[in-house]
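Below is one structure, written out as structure tokens; comments come after it.
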Amino acid sequence: MRLKNPFYSVKNYIMKLKGNARVCIAFHPLWGIPYSIYFFYLSLYMKAHGVTDSQLGFLMTAGFGASIVFSVAAAPLVDNLGRKKSTFIFDLLSSAIPPFIYAVSGSFWFAFAAIILNSANKVMSVAYYLVMIEDADDEQRMIAFNLFNIITIAAGVFIPVAGIFVERFGLVRTERFFLIFSGISMTLLISVRNYFLKETKAGIEILEKRNGGNFSVKDIVKPYANSYKYLVVHPHALITVIANVIFYVYYMIGTNNSLYFAPYFIDGPSLDPADISLLGAFYSAGMLFAMIIINPLMQRINIFLNLITGAVVNITGLILLVVIPGKNLTAAIAAAVMTSVGFGILKSVMDAALAITTEGRARAGIYSISNLMSSIFGMLIAGLAGILYPVNPGSVYIM
Numbered sequence: 270m271r272l273k274n275p276f277y278s279v280k281n282y283i284m285k286l287k288g289n290a291r292v293c294i295a296f297h298p299l300w301g302i303p304y305s306i307y308f309f310y311l312s313l314y315m316k317a318h319g320v321t322d323s324q325l326g327f328l329m330t331a332g333f334g335a336s337i338v339f340s341v342a343a344a345p346l347v348d349n350l351g352r353k354k355s356t357f358i359f360d361l362l363s364s365a366i367p368p369f370i371y372a373v374s375g376s377f378w379f380a381f382a383a384i385i386l387n388s389a390n391k392v393m394s395v396a397y398y399l400v401m402i403e404d405a406d407d408e409q410r411m412i413a414f415n416l417f418n419i420i421t422i423a424a425g426v427f428i429p430v431a432g433i434f435v436e437r438f439g440l441v442r443t444e445r446f447f448l449i450f451s452g453i454s455m456t457l458l459i460s461v462r463n464y465f466l467k468e469t470k471a472g473i474e475i476l477e478k479r480n481g482g483n484f485s486v487k488d489i490v491k492p493y494a495n496s497y498k499y500l501v502v503h504p505h506a507l508i509t510v511i512a513n514v515i516f517y518v519y520y521m522i523g524t525n526n527s528l529y530f531a532p533y534f535i536d537g538p539s540l541d542p543a544d545i546s547l548l549g550a551f552y553s554a555g556m557l558f559a560m561i562i563i564n565p566l567m568q569r570i571n572i573f574l575n576l577i578t579g580a581v582v583n584i585t586g587l588i589l590l591v592v593i594p595g596k597n598l599t600a601a602i603a604a605a606v607m608t609s610v611g612f613g614i615l616k617s618v619m620d621a622a623l624a625i626t627t628e629g630r631a632r633a634g635i636y637s638i639s640n641l642m643s644s645i646f647g648m649l650i651a652g653l654a655g656i657l658y659p660v661n662p663g664s665v666y667i668m
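Read in order, the letters of the sequence shown correspond to residues 270 to 668 in our numbering.
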């Protein structure tokens, strides 16, 4: 889809959003900033508490495994509880509570408990995306996803602030502070945002149709049956789901959202923990450049050009990450920027594509199918990463 004018300011972008889409975007910084700061150092925090590289892989595998369960339950839960209530309940479970668990200890079993709870975001993400875009038109959906990504990524610019504190107070004390701060911030945002959100029209229709009926196995199967029929009739939607599955697994394993991202730059190029915070900032800056400058320009030409260009640039960056010389911060930054620019070109298109190519009652089930397949595929890849990383840290990017 093409925007009428890709050079709208962020203010004009927001003014084009209405209802739930505007509410979700307005509150998102309260989630994005604390999460970006605490997650960047989370794996190093775990390692400081004795978690090994292989155990990091096991934790990721366990997270994907739990995600399978939550993904299966996502569509029926969202349809039976409603989009708004599901967003509230499962955002508390997956976003607000885990930081407090990590703050108690970053040891293996505490991390395991936190990651299992965090996997409930498979339900939350289905509900959240639906409540954000279901009552919006296609243009608002594209704008909402672009702003959502911009805010999430811009939050990464604050990561060097954490690096300053790490250098002064040490990694464990600094990370624990940001974990507690994140838990408080997210609890407040979830509560206040819930006050302003409204149930979507499709959500109300589904709830009224149920009219207080009991939850059954049929309720679990029905959304997937409807979605399967939809995908058979709409091959473009099926292709989009497959692309999203591959993209999401890469997102969890090969980007700054991976538990191996920060450890790699210590175990591979042998950089200092305080210095790698700069990589987080440059990675975020590269994605922002792609989303704010490159994407609007390329959308004027052809949306498929985004996909091809993004893939080529991203793969080139991944190759550079593997071959960069040791203790060379400049080379590491250059590789990270190229990788992030390619990823940024791809992300907004991939996010919006699933919303645009699906519709009606089938949408919740399709989102859940995408999450389910991502979790199954991701569990296999994470398990492989846990085996290969201790042998060769660069294997996470070679895969």
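The beta carbon of each residue, even a glycine, is placed where N, CA and C say it ideally should be.
If you look at Thr356, you'll find it in the alpha helix (DSSP H) that goes Arg352 to Asp360. Distances from the alpha-carbon of Met315 to those of Ala654, Gly326, Ala380 and Asp348 put Ala380 closest. Of the candidates Asp322, Cys293, Leu311 and Ser312, the residue whose Cα lies closest to the Cα of Asn661 is Asp322. Taking 8 Å as the cut-off, the Cβ atoms of Ala580 and Leu557 do not count as close. Glu408: member of the alpha helix (DSSP H) spanning Asp407 to Ala423, first to last residue. In the structure shown, Val660 falls within a coil segment according to DSSP collapsed to helix, strand and coil.
The C-alpha of Leu416 is placed about 24 Å away from the C-alpha of Gly472.
Per DSSP, reduced to three states, the secondary structure at Val400 is helical.
Assigned with DSSP and collapsed to three states, Ala554 falls in helix.
Your pair Ile602 and Leu547 checks out as a contact, with CB atoms roughly 7 Å apart and the cut at 8 Å. Judged by their CB atoms, Tyr493 and Val665 are not nearer to each other than the 8 Å cut-off. A residue is called buried once 16 or more other Cβ atoms fall within 10 Å of its Cβ, and Ser539, having fewer, is exposed. Taking a cut-off of 8 Å on C-beta distances, the segment 327 to 339 does not touch the segment 417 to 424, as fewer than three cross pairs fall below it.
Here DSSP, grouped into helix, strand and coil, assigns Lys467 to coil.
Contact annotation: Phe465 and Val347 have beta-carbon atoms that are not nearer than 8 Å. The C-alpha of Leu507 lies about 17 Å from the C-alpha of Phe646. The Cβ-Cβ distance between Ile306 and Ala431 falls below 8 Å. Around the beta carbon of Lys287, a 10 Å sphere encloses fewer than 16 other beta carbons of the protein chains shown; the residue is thus reported as exposed. Burial state of His297 is buried, judged by a 10 Å Cβ sphere holding 16 or more other Cβ atoms.
Selection Val426, Ile428 and Ala344 evaluated against Asn390 yields Ala344 as nearest (Cα-Cα).
Per DSSP, reduced to three states, the secondary structure at Val320 is coil, with no helix or strand assignment.
The beta carbons of Ala342 and Pro367 sit no closer together than 8 Å.
Rounded to the nearest angstrom, the Cβ distance from Ala365 to Gly452 is 6 Å, consistent with a contact under 8 Å.
The beta carbons of Leu457 and Gly351 sit no closer together than 8 Å. Ranked by Cα distance from Ile422, the first of Ser643, Val591 and Ala559 is Ala559. If you check the CB distance, Ile294 and Ala331 do not come in under 8 Å.
Contact check for Lys596 against Ile412 fails: the beta carbons are separated by 8 Å or more.
In summary, Lys353 is buried, with 16 or more beta-carbon neighbours lying within 10 Å of its beta-carbon over all protein chains present. Of all alpha-carbon atoms in Ala543, Phe612, Ala290 and Phe551, the one lying nearest the alpha-carbon of Ala405 is that of Ala290. If you draw a 10 Å sphere on the C-beta of Trp378, you find fewer than 16 other C-beta atoms in it, and that means exposed.
Secondary structure of Lys478 (DSSP, three-state): helix. Taking the CA atoms as reference points, Ile402 sits about 42 Å from Asp541.
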